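To keep things clear, I will list the structure first and then write my remarks on it.
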Amino acid sequence: MSIGRKFILTVFITGLVLVGEILFLFHHYIIPWQVDHIVEKARAIAYFLQETTPLLQDDEKQKLVANLNGKEPDLSYLLIMDKNAKALIHSDPDRVGMVFPDQGKLSSARDGKTVEQIYTRDENNPNSRYHGERTIDIVIPYFDASGNHTGAINVGLSLKRIDLLRDQYYTVIGLSALFLTLLFSFIIYKGRQDVIMPLKSLSVMARRLGNGDLNQLIKIDKNDEIGDLAQEFNTMAKKLNSLMNRLKDKEHQLKEYIDQLITLNAKIAPDGTLLMVNETAAQLMHLPSEQLVGRKLWETPWCSNSKARQWLEEAVQKAAAGETIHYETETPLGQTKPIMIDFSLKPVFNREQQVIYLVAEGRDITERKYMEQELTASNEELTATNEELVSIEEELRATNEELNHSHQQMNVIFESITDGFLSLDPRWKITYVNGEAEKLLLLHPQRVLDKNFWEVFPEVTDSLLHQQLEEVMEQQVPARFEYYYPLLNKWFAIHAYPSAGGVSIYFHDISDRKLAEEKIYFHNKYLASLHETALALMNRLDLDDLLEAILSRAGALLGTEHGWIYLVNNDKSRVVVRAGVGACKQTIGFAMKPGEGLAGKVWLSGQPMIVHDYYNWQGRSINFISTAIHSTLAVPLKSGQETIGIIGLGFVQNNRQLNDEDVTLLNGFAQLASIALENARLFKTAQQELSERTKVQELMRHQAHHDHLTDLPNRILFNQQLNHILSQADKNKEMLAVFFLDLDYFKVVNDTLGHDMGDQLLKGIAQRLSSVLYKEDIIARIGGDEFAIIVNNISARETAAVVAQKIIDSLKSPWILGSHEFHITTSIGIALYPADGQTVEILLKNADMAMYQAKDLGKNNYQFYEPNMKDRISQRLALEHSIRRGLEQGEFVIYYQPLLDLSTGKIVGIEALIRWNHPRKGLISPAEFIPVAEETGLIIPLGEWILRSACKRNKVWQDNGYPPMRMAVNLSARQFQQQKLVKKVARILEETGLDPRWLELEITESIAMKDVEFTSKMLFELQKMGITIAIDDFGTGYSSLSYLKRLPIDILKIDRSFIRDIISDPDDASIVKTIIILAHNLKMKVTAEGVETQEQLNYLRQQGCDEIQGYLFSKPLPGEEIEALLSSSSLYHKSFPSSNQNL
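Written out as structure tokens, the structure is:
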């Protein structure tokens, strides 16, 4: 399903939820509130009788009860009974004397404790005068004037008016549903323009980025979340592009480094085709590497003739068969002369040991060859010289007698040759040593002549020299060999010849040549090692694997099996051993600070360092002990100028002397290792970013389709699943059920125990539902305490009923959260497919309506959808829609009714009263629309408009010269519960410029008593501003009078129901008198509402009432007419003394 369709679906479902919420609020708040109001009224009547009747005679009591019965339309019965439940006083005089043996009443009549017992009577209540109606029944103890417990008071009130109000609400809900349909159609249109189309553009661009087009940026210029998301995509593309460029730079640097080390480096297909060639070789062949790639190796300038071409073709065939080819050849690629190349061709195998490509390497060995040729020429000259000497020796041997006579001449000859010379007799005695031999061997002739050769040179016993000389002596054959004399650390080229007198030995020092050869050997080995290391490290991207490879190859380069690598940690406070081999393997995880130990000093200085005697070195860290290591060498690993680690090698041989050449070798190797480490780090960074991006996308997808608290599917996923299941059910001709669950009294738990406990409860409910249903059934949380369930493949309507009952039974079990134990029930609505709907929207809507029917029937039950349920909602929704339209089009107006001071007759205040000037119905009473506005929340903007308009009007009157007076404004329950009410009132006063002392705010007694602590805090803050606080409709809330002294109240307004019969009904007169006395004792003023006759006015003046309000003086009037009233100077002159006619 596209996101556009999801959006449309979401908007329509939201509308359904709003309608459901309206029904929910009606059933959970309005009706319970009305019932509570009736209960409070019954309780207040009972306590009023308890307080007032003990001092009255029985006939006065009977008269008072009869009057209350006549005035209160909801009153079913009212009686006072003795401890035997016998009626002493009854609202029906004919029932006086009757006994009412109800156990609750008898309990209250006989028990001396002050308790209240509330009963809901059934339809057959014998005491009810409204037969067939529900009745609230309250029983409290009764005491005589002396405080003795003598019986009980029983009050019963009818619920008929509440049932009528409920039917009216259903009509309003229906009208509101029509309004929501039009509203959400507009939202869908706007959502498509502002959200869905930009998201489609974002999806196309994101797909391009995913395909690697990092240069394509997203062009969406919006200052909202979609625009921010587009910018984040662009930033991510730029970062990835930057990382890729850096990787290419590092790869280029590594390639240049290898090009400098190797003359030819090429990757070749098994058929001889060049796949890759380095720049050095391409430059030698005077062709770009791009033109060489694709040619056969033997078709390049590398081959100088047909013979070389044929040989190279055969070499490629052998290598392709798995053989490694190595040879030295001459190529015509040099600028002035041919160059010599050490060429190798190695096969690379896959896991199946099949050759996948060949690696060709060629090193320039021209200088080495020239050196070898020079050394060969020197050896040949020496050989020729030696041969001449041999010839001379043979002549000397042939003419032995002549030589004996010319001994002096022979000595001269031996002394003049450049080689050292020794002669030995058959018994190994030294018979002659020439001067060169003395210099080379540091000998003194007098100390060695006639001495045994093996005694003079005991260190050569059992050596190569010993073996060769014995063969010459025994076999009488000459020998040529090279020998290293460790005592002098020199190499000698030795020629030994047999003679009649023993053995003649010629030797000369070849140490310089051997050192040159050794350097050439180690240089070639170093180059080969670097090349192999580059190839080995280039494809290693795992850090641990790479570190082990670096240590292994570094140890092989310098001839040791012991080594370690430190890496700098993230906060650059420590270097930590990440890899170790040999004796250093146990140090993995060891850490050092800057300047501590060998690694810390190299890190701090950035320079290589050698320690020849590590165990006794004073700079060694006391925590780092390795008795096996004798000498160590450490060099830094760098990224640019920054040291990122240290590589060190340890040597256990006492005779291994580390020198600058070792430092050079390891330092060059460390440079290559640093590049490989940086390459691995960049690759890991890129992989981590891609991995994190994937995880975030997966998490976002999950969160978009699941409830964050219970992890159940949310409304979006539930609708998708239901849509899929419906298509399958249609194909298979199956029946299924959609359940809509709403928890009963969940708000009470949430408000009482807190939201954390509420969240735990929701999780537990999700678990219980999952345990009751089958795996193929689907559960979703689609609202605060609302769940939806799909029961698949049911056989009949009864199957759904069984499942619903199982759910109800499972949730009935007690819940224990922390130290709290309580019960929760649920109301379930059921819609069946295909009978009750064939689309997701219709099934959910019908299940929702059925759920509200279950609520109406007392909760804790299930109901199947019936078609006639729709009509109950339409009227309610229509009224809500009309109120919203009225707010938008300014259909509401304010009427004003004056309040007069009884002592002066002056107007001291005006009450602002809302009216609805409906375009078709005319003026509508607040009683018709205020309850709906309160329930839907529309009372908030409506109440704020009333308050602002009234304050503004009062300020205008004052500016026009009228005397200052209080403007009384009523606050509804929902308005008063706002946390920011005080700030709102202060802002309106500031905007209108009205002094706070000219504003009076009125709340009902029921609102004040709902939460006394909250009420007290709120009223104190308002009164602190200078605002007057009044309790409206006092006497109808039936709350305990003890709370009055706790609240900051300035005025009590007596309800009109007590004023109406104040002249004809002594009880009403007594009640009014008592309220006035009570208010004055508490230092409050009293305002009487609904004064309509002169007699009422006179009585109120006699009792000391402070202010009055009613039709006797003025009905509520528009603002313009009130101004005329304020201008009158002769109004109500009959009602007040002539001195106080100024109104």
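So the sequence shown is numbered by full-length UniProt numbering: it starts at 1 and just counts up by one.
Note that CB positions come from ideal geometry on N, CA and C, so glycine has one too.
It should be emphasised that the depicted structure is a prediction, and the values quoted were computed from it without experimental measurement.
With 16 as the cutoff for other CB atoms within 10 Å, does residue i come out buried or exposed?
i            : result
residue 592  : buried
residue 547  : buried
residue 300  : buried
residue 123  : Per-residue confidence for residue 123 stands at a pLDDT of 47, beneath the threshold of 50, marking its modelled position as unreliable; the derived number appears in the next sentence. That one is exposed.
residue 700  : exposed
residue 947  : buried
residue 377  : exposed
residue 1137 : In this prediction, residue 1137 has a pLDDT of 47, which is less than 50 and means its spatial position is unreliable; what the coordinates show is noted afterwards. Flag for residue 1137 reads exposed.
residue 374  : exposed
residue 774  : exposed
residue 816  : exposed
residue 76   : buried
residue 564  : buried
residue 1020 : exposed
Below 9 angstroms between beta carbons: does that hold for residue i and residue j?
i           : j           : result
residue 37  : residue 855 : no
residue 320 : residue 343 : no
residue 792 : residue 777 : yes
residue 677 : residue 588 : no
residue 674 : residue 637 : yes
residue 420 : residue 507 : yes
residue 650 : residue 629 : yes
residue 24  : residue 742 : yes
residue 54  : residue 144 : yes
Residues in the same chain with beta-carbon distance under 6 angstroms from residue i, minus the five sequence neighbours each way, listed in chain order, please.
i            : result
residue 1145 : Coverage of the chain is limited to positions 1 through 1143, which leaves residue 1145 absent and any answer about it impossible.
residue 1090 : 1056, 1059 and 1110
residue 726  : none
residue 1071 : 1058
residue 504  : 423 and 497
residue 468  : 479 and 481
Mind checking if residue i is an interface residue toward chain B, Cβ cutoff 9 angstroms exclusive?
i           : result
residue 743 : Protein chain content of the structure displayed is limited to a single chain, and chain B is not contained in it.
Among residues of its own chain, excluding the 5 on either side of residue i, which ones have a beta-carbon nearer than 7 angstroms to its beta-carbon?
i            : result
residue 322  : 347 and 355
residue 79   : 87, 89, 90, 91 and 154
residue 302  : 285 and 331
residue 1050 : 1028, 1029, 1030, 1084 and 1085
residue 653  : 630
residue 958  : 964
residue 595  : 601 and 604
residue 17   : 783
Apart from the five residues on each side of it in sequence, which residues of its chain come closer than 8 angstroms, Cβ to Cβ, to residue i?
i           : result
residue 288 : 282
How many whole angstroms separate the CB atoms of residue i and residue j, which I take to be in contact at a CB cut-off of 8 angstroms?
i            : j            : result
residue 1118 : residue 895  : 6 angstroms
residue 438  : residue 418  : Wrong, their Cβ atoms sit about 14 angstroms apart, outside the cutoff.
residue 365  : residue 328  : 7 angstroms
residue 371  : residue 556  : No, residue 371 and residue 556 are not in contact; Cβ-Cβ is about 26 angstroms, not under 8 angstroms.
residue 996  : residue 965  : With 8 angstroms as the limit, residue 996 and residue 965 do not qualify as a contact, their Cβ atoms being about 14 angstroms apart.
residue 297  : residue 274  : 6 angstroms
residue 847  : residue 746  : So it is not a contact: roughly 19 angstroms between Cβ atoms.
residue 1005 : residue 1034 : 6 angstroms
Next on the checklist: Count Cβ pairs between the region 574 to 584 and the region 662 to 671 that sit closer than 8 angstroms; are there 3 or more?
Outcome noted: Contact between the region 574 to 584 and the region 662 to 671 is absent, because fewer than three Cβ pairs lie under 8 angstroms.
Next on the checklist: Check whether the region 64 to 73 and the region 41 to 53 touch, using three or more Cβ-Cβ pairs below 8 angstroms as the test.
Outcome noted: yes
Next on the checklist: Can you confirm whether the region 561 to 576 touches the region 632 to 646 when touching is taken to mean that 3 or more C-beta pairs between the two stretches lie within less than 8 angstroms?
Outcome noted: yes
Checklist entry - When the Cβ atoms of the region 151 to 164 are set against those of the region 173 to 183, are three or more pairs found closer than 8 angstroms? => result no
Checklist entry - Counting Cβ pairs closer than 8 angstroms, one from the region 760 to 777 and one from the region 786 to 802, do we hit at least three? => result Segments in contact, yes.
Next on the checklist: Would you call the region 1115 to 1131 in contact with the region 1071 to 1091, where contact means no fewer than 3 C-beta pairs closer than 8 angstroms?
Outcome noted: no
Checklist entry - So, do the region 902 to 915 and the region 939 to 957 have three or more beta carbon pairs nearer to each other than 8 angstroms? => result The answer is yes - the region 939 to 957 touches the region 902 to 915, with three or more Cβ pairs under 8 angstroms.
Item to check | Touching by the beta-carbon criterion (3+ pairs, under 8 angstroms), the region 794 to 808 and the region 836 to 843 | outcome: no
Checklist entry - Within the chosen definition, does the region 1094 to 1102 reach the region 885 to 895 through at least 3 CB pairs nearer than 8 angstroms? => result Too few Cβ pairs lie closer than 8 angstroms, so no.
Item to check | Three or more C-beta pairs below 8 angstroms linking the region 922 to 936 and the region 978 to 994 | outcome: no
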